[in-house]
Ligand code: B12
Ligand code: SF4
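Residue numbers (the working numbering), protein chains in the order written: chain H, 1 to 313; chain P, 314 to 759.
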């Protein structure tokens, strides 16, 4: 019996989405087969790895990752440059300082930081609010205007604020990150709502919501797998936007990346353990189908880029 | 892949004699297809029919057990390509490689590492399941001495014997045949000799070939030699090749019922750098490797890989749950604090672990929320003030404690006001958001 390679016939394709401008612009998406199955489809772009920075110092990040960032964390522009120098494909600026429970910084302050960061690097920029749906509308509007022409990814647009956030991205020629809550239908629904208000679906990046290894990773994993199947096998145009995963923010709050060796001798050394936690979480999301990752530890990001190269062959 | 009723019908006598209890052969065929009848019911079924239908009924990927006794591990017997289609059943077996050139100290350290590899995660015991002894020296006596070291040092742990030289395998298996080891590997060159050993010793046999065509040919050949328990290695070592080749194997077996590739897969993601090895191994866990042989098994690496395996192999339909109850943590007394969480295993075990860390004896009320986490249950309207109040009131916890204070998770602080209304006489205290804040929180109160 000879083996006939059982190939899938894919009717759909992921949109190509370009971020940034000039020589360092990056395109994600474009896949025409399930992740890394090059024998039956094309993968014109490799998944991109962004390193995360904030508008405030990373004081509440665990020691291991804080140490890896070093002195760069003191200034957003310096920090962004540090990410670029450490091989990041993109920089993700999270405007955490604007959260009312944090420093409640104003939209103007946020916009200023965004502009500084945009000027400091020539790799693409992702601009994220603090996750406070209401405040994010003003913050992202101001930040989007301040970085006009840079072709950033702005987010996250969520059910509660998508209209305003999408309008800000649209008015300033940016791309949009749309986040739904771990549900295939909700992800599709948000994309439909966005297109109904006139936002081009080819400019959306879908965030199905990430979770950390050991803390619900399997939910995100299966949601992404199902999104990808709907996009490619069922040719659903509302599922064909690239997928991004916010890895670092979920990983760097769990016990495995913080507990000192002495407390959990059966878990092994903290430095290695913490790095592995971010790396393996990222590997999971890539394998499911993520096109773009936001990570925190430069060392972990470097390792994942190595894996991406190996997967792309 | 199961046969359709019409396909089954083709192999039946077509006499409609009704002896099977069905009006026609076709009706019986339909029942067979729906797995509501057994072919035994037709007394006139031909040998050919029994063979064809028997094969079709066999699982698309053969289940294979390695090792003997309570630490034997079952692998294979999977039925889907994506976990959301049903679930993945038999978790990846992790093995550590011990080269025979590592005999003595180095081998002893790895054996010890396997024996102490067990961790408890969300109520499950996870560990490195097997040891692969690798023939590096080409010396049968040296190989056998390490096998002996493993058998003596880690009795019960499943063994993989790795050599392309049948004489070396003979020397090793003589010391552990009763443990049903896995032999790695038969190749096109040594297939006859390896098959003979596997048959004689009732061991399972891995096949190593360069690429899927060669592997298919080898699989048919060895099966023809009478060995049924096979394991496949198409030679993939790079992540890209692992994803592609293992996917093709899994698809061919499950969607095409292609028997030569209907066996578990063994992967060797070994790398000089341990994080790189962990990454490649993670690809194996997600993409269909049933057995993964690692060069090293540092604790941090196994924690990550075993957690990933646990995530990927949980049943997507049923979150892991614990029973609704008032649990005693430590030597809880009447005046010990009372906390509440949901019955999602992950939530329960994390909170319980932190309460244990605090060394403050406590009562932990676990409420049935259909296995949802605190925030998810709250968002789904299943962890509401009225439900909590009813649960606490009916739980009988008041008989065990002499106070009326309930500590709730910080993330649902918003419930505290309404809860105090619904539980008259109770004081509601808002605890920390993350469970890892519990030790200092509890110690500060004690
Ligand atoms: C996986 C997940 C799911 C899974 C369910 C998993 C499960 N078994 O519960 C699925 C996909 C089904 C799901 C669905 C929904 N989800 Co959900 N989900 C998550 C996710 C990613 C992880 C949850 C998890 O497993 N956490 C781990 C466990 C251990 O956390 P935990 O139980 O809260 O326990 C921690 C603390 O609360 C504390 N703790 C626990 N008990 C106690 C007790 C005391 C005394 C103390 C002091 C502390 C304490 O310790 C633990 C660790 O620190 C979170 C986001 C996130 N990253 O947290 C969202 C999240 C919980 N989900 C959310 C939502 C809104 C939903 C949905 C309503 C939306 C939807 N998709 O329709 C549905 C509702 C489900 C339903 N049946 O209707 C929101 C809740 C928002 C909010 N603040 O209200 C979250 C926070 C996402 C977000 N950021 O918006 N979800
Ligand atoms: S007993 Fe066999 S031959 Fe007779 S009707 Fe049933 S299936 Fe047909």
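Idealized CB from N, CA, C, for every residue including glycine.
{"Item": "Residue-chain proximity (residue 268 of chain H, chain P), Cβ-Cβ < 9 Å", "Value": "yes"}
{"Item": "C-beta contact flag for residue 444 of chain P and residue 467 of chain P at 9 Å", "Value": "yes"}
{"Item": "Residue 7 of chain H, buried or exposed, once every other Cβ within 10 Å from all chains shown has been counted against 16", "Value": "exposed"}
{"Item": "Local conformation of residue 126 of chain H per DSSP, three classes", "Value": "strand"}
{"Item": "Short CB-CB distance (under 9 Å) between residue 301 of chain H and chain P", "Value": "no"}
{"Item": "Residue 168 of chain H burial status per 10 Å Cβ neighbour count (16 or more: buried)", "Value": "buried"}
{"Item": "Bridge partner(s) assigned by DSSP for residue 634 of chain P", "Value": "P:657"}
{"Item": "Inter-residue CB distance, residue 684 of chain P and residue 632 of chain P (contact presumed, cutoff 8 Å)", "Value": "3 Å"}
{"Item": "Any C-beta of chain H under 9 Å from that of residue 588 of chain P", "Value": "yes"}
{"Item": "Completely contained alpha helix (DSSP H) runs for the region 322-378 of chain P, where each covers 4 or more residues", "Value": "338-346 and 360-370"}
{"Item": "Cutoff 9 Å: residue 287 of chain H Cβ touching any chain P Cβ", "Value": "yes"}
{"Item": "Three-state secondary structure (DSSP) of residue 258 of chain H", "Value": "coil"}
{"Item": "Proximal residues to residue 314 of chain P (C-beta, below 8 Å), its chain only, five neighbours per side dropped", "Value": "Per-residue confidence for residue 314 of chain P stands at a pLDDT of 46, beneath the threshold of 50, marking its modelled position as unreliable; the derived number appears in the next sentence. Closer than 8 Å at Cβ, skipping near neighbours: 369, 373, 567, 568, 569 and 570."}
{"Item": "Residue interval of the alpha helix (DSSP H) (run including residue 165 of chain H)", "Value": "162-171"}
{"Item": "Endpoints, alpha helix (DSSP H) assigned at residue 554 of chain P", "Value": "552-569"}
{"Item": "The region 324-338 of chain P contacting the region 597-615 of chain P, beta-carbon criterion three pairs below 8 Å", "Value": "no"}
{"Item": "Through-space distance from residue 510 of chain P to residue 483 of chain P, alpha-carbon basis", "Value": "7 Å"}
{"Item": "Interface residues of the region 223-255 of chain H facing chain P [CB-CB below 8 Å]", "Value": "225, 226, 229, 253 and 255"}
{"Item": "Run of the beta strand (DSSP E) containing residue 676 of chain P, from where it starts to where it stops", "Value": "675-680"}
{"Item": "Same chain, Cβ closer than 6 Å to residue 16 of chain H, five either side skipped, listed in chain order", "Value": "27, 29 and 30"}
{"Item": "Reference residue 479 of chain P, options P:506, P:472 and P:454, closest by Cα", "Value": "P:506"}
{"Item": "Beta-carbon spacing of residue 313 of chain H, residue 228 of chain H below 9 Å", "Value": "no"}
{"Item": "Short-range partners of chain H found in the region 519-541 of chain P, where Cβ spacing is below 7 Å", "Value": "525, 526, 529 and 533"}
{"Item": "Whole-Å CB distance - residue 493 of chain P paired with residue 380 of chain P, under 8 Å assumed", "Value": "6 Å"}
{"Item": "Where residue 233 of chain H sits in the DSSP three-state scheme", "Value": "coil"}
{"Item": "Whole-angstrom C-beta distance between residue 714 of chain P and residue 676 of chain P, which should lie under 8 Å", "Value": "7 Å"}
{"Item": "Contacts that residue 396 of chain P makes with chain H (C-beta to C-beta distance below 9 Å)", "Value": "218, 221, 222 and 225"}
{"Item": "beta-carbon residue 746 of chain P near the ligand B12 non-hydrogen atom, thresh 8 Å", "Value": "yes"}
{"Item": "Span separating the alpha-carbon of residue 650 of chain P from that of residue 428 of chain P", "Value": "37 Å"}
{"Item": "Residue range of the alpha helix (DSSP H) that includes residue 112 of chain H", "Value": "107-120"}
{"Item": "Inter-residue Cα distance where the pair is residue 86 of chain H and residue 39 of chain H", "Value": "33 Å"}
{"Item": "Minimum Cβ-Cβ distance from residue 343 of chain P to chain H less than 9 Å", "Value": "no"}
{"Item": "Beta-carbon proximity of residue 242 of chain H to residue 192 of chain H, cut-off 9 Å", "Value": "no"}
{"Item": "Amino acids of chain P, ordered along the chain, whose beta-carbon sits closer than 8 Å to that of residue 348 of chain H", "Value": "Because chain H here runs from 1 to 313, residue 348 of chain H falls outside it and cannot be looked at."}
{"Item": "Opposing strand residues paired with residue 176 of chain H [DSSP bridges]", "Value": "H:154 and H:204"}
{"Item": "Opposing strand residues paired with residue 437 of chain P [DSSP bridges]", "Value": "P:434"}
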